[in-house]
Every structure is written in structure tokens, then in C-alpha cells.
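Report on one structure; see the data block that follows.
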Amino acid sequence: MDSTTSPTSTEDLDHRNALVGIVTTLSVSVPVLVAQVSGTATDLVKQPAAWWIAYLAFVATLVVSVNEWPRPWSQTQHRAALLVLTTSGLAAVALSPAYGFSVVLPIVTATAATYVIGFRPALGLVVFQAAVILVVYLAAPQVRPGEAILQGVAWGGFMGFAVFTVEAEARQSRARERLAVLNDELASTNAELARSNAELEEAQRQLAATSRNAERLRISRDLHDLIGHQLTALTLQLETASHLGVGPATDNVDRARTIARDLLGDVREVVGQLRLDATPDATPDAAPQPATRPGDARNDLARQLREAAAAVVSLQVALDLDESVLPADEHRATAILRVVQEAITNTARHAEADHLWIAVAAHGDDLVVTAHDDGRGATMLEPGNGLVGMRERLATVGGTLATWTPSDDGLHLEARIPIRKRP
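Numbering (the working numbering) for the sequence shown: 1 to 423.
In C-alpha cells, the structure reads:
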């Protein structure tokens, strides 16, 4: 019978039991064949020819349905074959009440029914066949009623035992198959968990490395922005003092200027090394700032911007400042201050300029810091620690930095910062 359409069978179990059923069915004909050869067939069956027709119909149907010739059968075809088996098997029993082995055919039918129609319907078929067998034996003159009842109950018990055996074996087979599926799923889940665990460990390692690199970048920016700018301003002040002073004090000023210049070089070297140690893809985190009131933050930023513009005596800095658009939060305020300080420092050290114009104003949804000088400019601008640090610091608040050098028009710089924090 078809294992793909039966309710309880599996493929291996179906073919094995089908082979046993065919062999058992073929063995039923051996005594009748021997008796027929010896001329005593009528002692076993009333009508040998009719019995052989019923028997061969049973065998042919069983063999064809098991092999599903000439093509795979549908469930309807298997049910039709089961009907033929039931009819021919009971007919063989009715034609040979004296030949007890004919009842083997209904037993095979009950077994096949377990595959085709399921366990409970097969039990119903067992009851029906047992009732027919009981009637056959009650109608046989040579069988007493008590023996007929015993025969019906006994053969019904055998058929029921066959059905229960097949169902139990089928359930065990299905349980093994489900267990195999569960084992495969468990192995797949374990493999997936192992991959997830490895990915989590790698993510933790990368997060730790990113955190270390971000801290290095933050320290390098702070060193450059805080100490570097102050040392630059100190160097410029000492240079101015050396030009104005006379006498022995000038030597002390020169020595102080040399020390400040060397110290500034050391700071820049440390900043460069910190950046070199950090990975390129590390995302710098903004340094935490103390909380202040919005008005105080704006006033402090405006004061610091003016002090930065006035700190350099070798360069005339014109600051156009719209205080109303200055941010209240410390992160963006710090970014703006560092941009202005870096613009002043770079112009004073490298541009050979006399004037620097800086404007802080709002344009659309952005706060824009622009700076340009009247210096020599640069045809090939190679960003140093200062410009790189500015871009990184602006990136922490969602801002951008652009630089360009028009012909004979010094260096232009534009930093854009969102006026409101972007979600």
C-alpha cells in the first residue's frame, strides 16, 4: 500500500510488511493445491474453481497495489483495492468453511486497512469481517454454534492483534523519525548558537578595540585643541615680546619661546602617535561636559570666541558673531570654539596672512562658521592633526567641514553644525 497517502505507515515499514503479507497469502494456497493434485480438494473447499477465482483476485490485487503498477496510486485507488481485498477474502472464507487457513486472507486485509484508512477505521473493518466469519461458521452444518462463536471471536482477535501490532510499530517508526528530525534541528540550533557566540565574542572584541581607539582620538583632540592652541598663542606672544624687548630680558624671552616651540612640537608628536595607534574606523565619542544653563553656555562661548580672536597680535582677526544662534549644549559649543581656534592658529602659523575674517551665523537649519584669510593659500592642502581633529569633532555633533583655496585668495574654511540635534 502507498506509504505517502496512508495515515500510519512509513516507507520502510510499509514495504517490509507488504512483503510479509504477500508471502503469507501465497502460503494459503499450498494445502489447497496439494489437495487438488491428490483429488481431495472438495474436502477443504466447496467449489474449488470459485475459491481459486476469489483467491487469485485477492493475490493479484494485493501484489498490484503494493507495487502500485503501472504508476503511483491515489488514495482512492488504494481504497478501491482494499474493497476488492475485503470482498475476495471473505468470499474465499465463505467458500471454504472447513479450511481454516482461508481466514488468513481477512487478517491480511485488516493489516492493509491500517495503512490505507487508519487505525480506528481498520478496527471497524475487523469487527465487520469477524461478524461475517461468524455468520459463515454458523451457516456451516458441520460446525456447532458454540464453535462458530469461538471461531468468530478467535479470528477477530487475530485480526485485531494484527491491526494493533502494525499501529504500534508505525507509531514507533514515526517517533523515531520525529526524534531524528528533532536531533537534526538540535544540531542545527547548536551550530547556530556556536556561530552566534563566536560573532558575539568578535563583536565584543571589536567594541573594546573601538572604545580604546575612540578614547585615544578624544585624548589626541583634547591635547591638540587645549594645550596645542594655548602653546601656539604663548609662542606668538613670546615672539612679539622678543621684537619689542631690549637688553638681557630678550635672552630670557628667546629661551622661553624656544621651550614653548619645542613643547608644542612634542605635543603634536604625541597627538600624531595617538592617532596612528587608533584604527581608522573608530568612531570618536564626544567628551562629557558639565551641565550648565543655556544662557551661561552661550555667554561663555561668545566670550571665549572673542578672547581667541584677540589673543593673536601678529594677525588681525575680524570676528562677526551672531550670539543669538550660539548653541546652548556644551558639545556643539565646544566644536564651534575648537573650529575657530584651529582656524586662527593655522592662519597665524602657516598662511603668512595679515587679516583673518571669521563669521558665525545661521544659514537655514545649520549654524555655519566661515573663515578666510588674505594669505598665500595652498594649491595642495594636506590636512594635519588640526583639520583632521576638526572634522572628527564636528562629526560627533552631526556637522561637516569643507576647505578650499581660490586663486590668490587665501584659505577658505566652512563648518556646518545642525542648529538642533538631529534624531
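Idealized CB from N, CA, C, for every residue including glycine.
Here the structure is a predicted model, which is why all the values come from computation and not from measurement.
Asked                                                                                                                             : Found
Integer-rounded CB distance, given that Asp320 should sit under 8 Å from Ala359                                                   : 4 Å
Length of the line joining the Cα atoms of Ala168 and Gln129                                                                      : 21 Å
Length of the line joining the Cα atoms of Phe58 and Gly21                                                                        : 11 Å
Residue range of the alpha helix (DSSP H) that includes Ala371                                                                    : No alpha helix (DSSP H) contains Ala371, which is instead part of the beta strand (DSSP E) from Asp366 to Asp373.
Bridge partner(s) assigned by DSSP for Ile344                                                                                     : The partner list for Ile344 (beta bridge, DSSP) is empty, contrary to what the question assumes.
Alpha-carbon to alpha-carbon, Arg303 and Ala291                                                                                   : Any answer about Ala291 is weak, because its pLDDT of 42 lies below 50 and its placement is not dependable; what the coordinates show is given next. Roughly 18 Å between the two C-alpha positions.
Best match in Asn213, Gly156 and Ala395 for proximity to Val339 [C-alpha to C-alpha]                                              : Ala395
Residues near Met390 in its chain [Cβ-Cβ closer than 6 Å; skip 5 each side]                                                       : Val339, Glu342 and Leu401
Beta-carbon proximity of Leu356 to Thr347, cut-off 8 Å                                                                            : yes
Pairwise C-alpha distance: Leu62 and Tyr115                                                                                       : 13 Å
The stretch 38-45 touching the stretch 72-85, judged by at least three CB pairs closer than 8 Å                                   : no
Contacts around Leu413, its chain only, beta-carbon distance under 6 Å, and the 5 residues preceding and following it disregarded : Ala343, Ala371 and Thr403
For Ile53, the nearest candidate out of Leu150, Ile419 and Gly89 (CA to CA)                                                       : Gly89
Reference Ala318, options Asp373, Arg174 and Thr405, closest by Cα                                                                : Asp373
DSSP three-state assignment for Ala112, whether helix, strand or coil                                                             : helix
When Ala92, Thr87, Val37 and Glu68 are compared against Val28, the one with the closest alpha-carbon                              : Ala92
DSSP state of Asp184 mapped onto helix, strand, coil                                                                              : helix
Alpha-carbon to alpha-carbon, Leu179 and Glu147                                                                                   : 47 Å
Where the beta strand (DSSP E) containing Ile358 begins and where it ends                                                         : His355 to His363
Given Ala94 as reference, the closest of Thr109, Val136, Leu85 and Tyr55 once Cα atoms are compared                               : Val136
Inter-residue spacing [alpha-carbon to alpha-carbon] between Thr86 and Val132                                                     : 11 Å
Assigned exposure category for Pro327 - 16 Cβ within 10 Å defines buried                                                          : buried
Complete runs of the alpha helix (DSSP H) confined to the stretch 20-107 [at least 4 residues]                                    : 48-67 and 75-95
Burial state of Leu305 (16 or more Cβ within 10 Å)                                                                                : buried
Under 8 Å between C-beta atoms of Ala351 and Leu411                                                                               : yes
DSSP state of Thr210 mapped onto helix, strand, coil                                                                              : helix
Gln316 (DSSP reduced to helix, strand or coil)                                                                                    : strand
Residues that DSSP places opposite Ala415 in a beta bridge                                                                        : Val369 and Leu401
Other residues of its chain near Ala110: CB distance less than 7 Å, five sequence neighbours each side excluded                   : Ala122, Leu125, Val126, Gln129, Met159, Ala162 and Val163
N-terminal and C-terminal residue of the alpha helix (DSSP H) that Ala131 is part of                                              : Phe119 to Ala139
Residue from Leu33, Phe119, Ser314 and Val181 whose Cα sits closest to the Cα of Arg171                                           : Phe119
From Leu138, Ile417, Ser188 and Val166, residue whose alpha carbon lies closest to that of Val153                                 : Leu138
Alpha-carbon to alpha-carbon, Ala18 and Asn469                                                                                    : One cannot answer for residue 469 here, as it falls past the ends of the chain, which runs 1 to 423.
Cβ shell of Arg376 (< 7 Å), same chain only, five flanking positions each side left out                                           : Ala351 and Glu352
One or two residues paired with Leu394 in a DSSP bridge                                                                           : In DSSP, Leu394 forms no bridge with anything.
DSSP-derived helix/strand/coil call for Leu445                                                                                    : Since the displayed the chain opens at 1 and closes at 423, residue 445 lies outside it and no answer follows.
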